Amino acid sequence: MERPRVVAKHLLEPTTAIPCKSVRIWTRGINNNQTSGRQNNNVNSCSNYSSHQNHYHANGAHNNYDYYDFANLATNIPDPTTDRSRIEIHLPHSKETVRHELPRDDVTIVTALMDIGRGEWDRYRRPLEQYHLFMENLLSLQNYMVIFTDESSYSFVHKYRKNMGEIHRTKIHLITLKDLPLSRHLDAATKIIEEEHNNDKLWRSIWDPAMKDHPEARSAEYDVLVNSKTYFLYNATLEDPFSTEFFVWIDAGYGHGNQSVFPYNNKWKPQFPRNKISVIKTVLVLVINSYPQLFSITHGDWFDAFRLFSSDQSQYGR
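Laid out in structure tokens, this is it:
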């Protein structure tokens, strides 16, 4: 079985510049300002924000790779339309008009699973085998998927998607934690975590003591991985192996084994408002304040993503 390998030089690191290729993103859990002990009570913790949802849609000429900064990006997105059954998108640098009908089963799910030794933790322990059980619900979906994983899970992921008859809708990238750009900060992050854990005065006076044992306050590897979600998603949009319009981040262990939060028939046909970043609860607080015109905030619980953005509510129990 051939195992495609993706190394850092083949994966582009996301910056504040977005290529003018038509990029469509719907992500869960973005918060690149997360630190360990420096927990802001107005921002959800790393373990919490991994369950939030948002999507991002930027229009651009498909073959034009000029770059916009975020200020220009905001002005290049057309105003939202009240008619969501049809929308016309005018591409920059082109006279072409693209007409889209809604809803569309035109989405690539992006996820990642890597072994960072969590099975050996004394707190918040979660063995890799448990993640595999959790991930079965996600891998059962009849949707396109781009999956980033390491040697410890590659065979499991490949075999499960193949047994489900979905390998033709699957692209698996074999990587290591060291391939991630943020891994260059592992030593610095480890040092910060150690210094913070030894600062009892600040834990008693300023920081929330309940956060001291949370994964983001204990493991630099965890912080690197969860803060690389936008990196995985960004690369999937550039590769676009299935030529889909939307890209969705879903955690590998989404639902924690609860099948009821997934579609009954394993067919998810999401429906998103275009030209908005749809967010469940409040993440990306600073970005929301700076660019409110890009966001559509939806209130819901951690594992409501499939239900809230589904075009067929009958597939869910509540």
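For the sequence shown, position 276 matches number 275 in numbering that gives the first Met the number 0, and the numbering has no gaps at all.
Ideal Cβ placement from N, Cα and C applies to all residues, glycine included.
As the structure is a prediction and not an experimental result, all values here were calculated from the model.
- Under DSSP, A216 shares a beta bridge with no residue.
- In this structure, the beta-carbon distance from L138 to R160 falls below 8 Å.
- Within a 10 Å sphere around the beta-carbon of A216 sit 16 or more other beta-carbons, which makes this residue buried.
- The stretch 206–215 makes no contact with the stretch 177–184; the number of CB pairs closer than 8 Å stays below 3.
- Counting every other CB atom within 10 Å of its CB across the protein chains shown gives H172 a total of 16 or more, marking it as buried.
- Setting aside the 5 residues that flank it on each side, S154 has no residue in the same chain whose C-beta is closer than 7 Å to its C-beta.
- Proximity to P291 across A235, S204, N274 and P269 peaks at N274, based on C-alpha coordinates.
- Short of 7 Å from the beta carbon of E135, and not among the five residues preceding or following it, lie these beta carbons of its own chain, in chain order: Y159.
- Contact annotation: the stretch 114–128 touches the stretch 216–229, with at least three C-beta pairs closer than 8 Å.
- Inter-segment contact for the stretch 256–264 and the stretch 232–239 is absent: fewer than three beta-carbon pairs are separated by less than 8 Å.
- Per DSSP, the beta bridge partners of A111 are F147.
- The beta carbons of A188 and D222 sit closer together than 8 Å.
- In terms of Cβ geometry, D105 and T243 form a close pair [threshold 8 Å].
- If you draw a 10 Å sphere on the C-beta of S204, you find fewer than 16 other C-beta atoms in it, and that means exposed.
- Going by beta carbons, W248 and K268 fall outside the 8 Å limit.
- Shortest Cα-Cα distance from L232 to any of D199, N142, F147 and Q270 involves F147.
- L181 sits in a helix when the DSSP states are folded into three classes.
- At a Cβ-Cβ threshold of 8 Å, N142 and R168 count as neighbours.
- With 16 or more other Cβ atoms from the protein chains shown falling within 10 Å of its own Cβ, Y253 counts as buried.
- Boundaries around L232 are those of the alpha helix (DSSP H), K228 to E238, since no beta strand (DSSP E) includes it.
- Counting along the chain, the unbroken alpha helix (DSSP H) around H131 starts and ends at L127 to L138.
- In this structure, T110 lies away from D199, with their beta-carbon atoms at least 8 Å apart.
- W202 carries a helical assignment under DSSP once its states are collapsed to helix, strand and coil.
- The DSSP-derived three-state label of S242 is coil.
- Taking the CA atoms as reference points, W206 sits about 10 Å from E195.
- Our two residues, H157 and K170, have alpha carbons roughly 9 Å apart in a direct line.
- DSSP, read as helix, strand or coil, puts P262 in coil.
- When DSSP reads this structure, S309 sits in a beta bridge with P269.
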